[in-house]
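See below for the structure under consideration.
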Amino acid sequence: MSLTLLTVPCLKDNYAYLIHDPETKATAVVDVPEAAPVLAALEDAGWRLSDILLTHHHHDHVGGVTEVQAATGARVIGAAADAHRLPPLSLELHPGDAVSVGAEAGVCLDVPGHTVGHLAFHFPQSALAFTGDSLMALGCGRLFEGTPAQMWESLTRLNALPGNTRICSGHDYTAANAAFALTIDPDNTALHDRSAGLDAAHAAGTPMAVCLLQLERDTNPFLRAGKTYIKRLMGLADASDAEVFAEIRARKDRF
Numbered sequence: 001m002s003l004t005l006l007t008v009p010c011l012k013d014n015y016a017y018l019i020h021d022p023e024t025k026a027t028a029v030v031d032v033p034e035a036a037p038v039l040a041a042l043e044d045a046g047w048r049l050s051d052i053l054l055t056h057h058h059h060d061h062v063g064g065v066t067e068v069q070a071a072t073g074a075r076v077i078g079a080a081a082d083a084h085r086l087p088p089l090s091l092e093l094h095p096g097d098a099v100s101v102g103a104e105a106g107v108c109l110d111v112p113g114h115t116v117g118h119l120a121f122h123f124p125q126s127a128l129a130f131t132g133d134s135l136m137a138l139g140c141g142r143l144f145e146g147t148p149a150q151m152w153e154s155l156t157r158l159n160a161l162p163g164n165t166r167i168c169s170g171h172d173y174t175a176a177n178a179a180f181a182l183t184i185d186p187d188n189t190a191l192h193d194r195s196a197g198l199d200a201a202h203a204a205g206t207p208m209a210v211c212l213l214q215l216e217r218d219t220n221p222f223l224r225a226g227k228t229y230i231k232r233l234m235g236l237a238d239a240s241d242a243e244v245f246a247e248i249r250a251r252k253d254r255f
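Under the UniProt record's numbering, think of the first position of the sequence shown as 1, with each following residue one higher.
Okay, structure coming up:
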């Protein structure tokens, strides 16, 4: 039985994600930008929180952890490498370690770039990946600590997951990301179609931070840095994939 996913809007454009195993009744939350929306969603669903999974240390992903942990008694789970700047951890993880929600086993992935201790969580049976501020809908996170080469390697690692994987990222920046993506890949029909549907989706309250990996492959310029025609459009025909990614990231930072 697959995990049930509940997307919880927080702050201005952040998301927390509740994942629930209907068989065992175990429930985890991935990141806690603020406590009140997460606690309200748990109460509404009638779920008891067992685990708090953290992708990285930034306050807009961990700001509500202490309050939620105090209210629920849930374990706090995060990267051993970042234990010194995360809320106190009940369990420290290393890349490649198993992480489970109820009966479903997942794995934590090393995805540095946005920060150097950033983790993602992949649950293959449910085709879910929680990517925080690494791979994002139509974009990727800013490189606050890591290098372009690190982020490109991280995105390549995530891009190797099955195409039906739902990518659950930490923010909804899709409107701005789509506008930028069209400057890199202006003739991409799938990108134009996706961009055209964003206003209606936002108006309907659809959580656009959740998207299929295959759609990202088709439309996200940060995953398409290796495409020959993208390199030519950018005047970087002879550059490596990582170099093209670095230029796309630099252009987005100036956009």
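Even glycine gets a Cβ: it sits at the ideal position worked out from N, Cα and C.
- The C-beta distance from M208 to L198 rounds to 7 Å, short enough to fall under 8 Å.
- T219 sits away from R251, with the two beta carbons spaced by 9 Å or more.
- The continuous stretches of beta strand (DSSP E) do not include D199, which lies in the alpha helix (DSSP H) extending over residues L198 to A203.
- According to the DSSP assignment, N14 belongs to the beta strand (DSSP E) that extends over N14 to H20.
- Counting only residues of its own chain and dropping the five nearest sequence neighbours on each side, F255 has a CB closer than 6 Å to the CB of F180.
- Every beta strand (DSSP E) stretch that sits fully inside the segment 88-168 and reaches 3 residues is listed by chain position as 91-93, 98-101, 104-110, 119-123 and 128-132.
- Inclusion of C140 and R249 in the CB contact set at 9 Å is warranted, their separation being smaller than that value.
- The distance from the Cβ of D82 to that of G132 is about 12 Å, inconsistent with a contact at the 8 Å cut-off.
- Pairing G170 with D60 gives a Cβ-Cβ distance under 9 Å.
- Taken through DSSP and simplified to helix, strand or coil, D238 comes out as coil.
- Under the DSSP assignment, R217 falls in the alpha helix (DSSP H) whose first and last residues are L213 to T219.
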